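Just add 1066 to the spot in the sequence shown (first one is 1) and you have this note's numbering.
Every residue gets a Cβ at the ideal spot worked out from N, C-alpha and C, and that includes glycine.
These figures come from a predicted structure and were not determined experimentally.
What follows is a short report on a single structure.
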Amino acid sequence: MTMTSKLPVSVLIPAKNEEENLPACLASVARADE
């Protein structure tokens, strides 16, 4: 595997009563592949 290969990952986000923080959390996860 080369350094430029990307592996698919799954992310689990355990959350309860986190409606206010969830959008920022999801945005952070979406940026993680950069």
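Cα atoms of Asn1087 and Leu1073: separation of roughly 27 Å, rounded to the nearest angstrom.
Per DSSP, reduced to three states, the secondary structure at Pro1089 is helical.
Annotated three-state conformation of Val1095 is helix, per DSSP.
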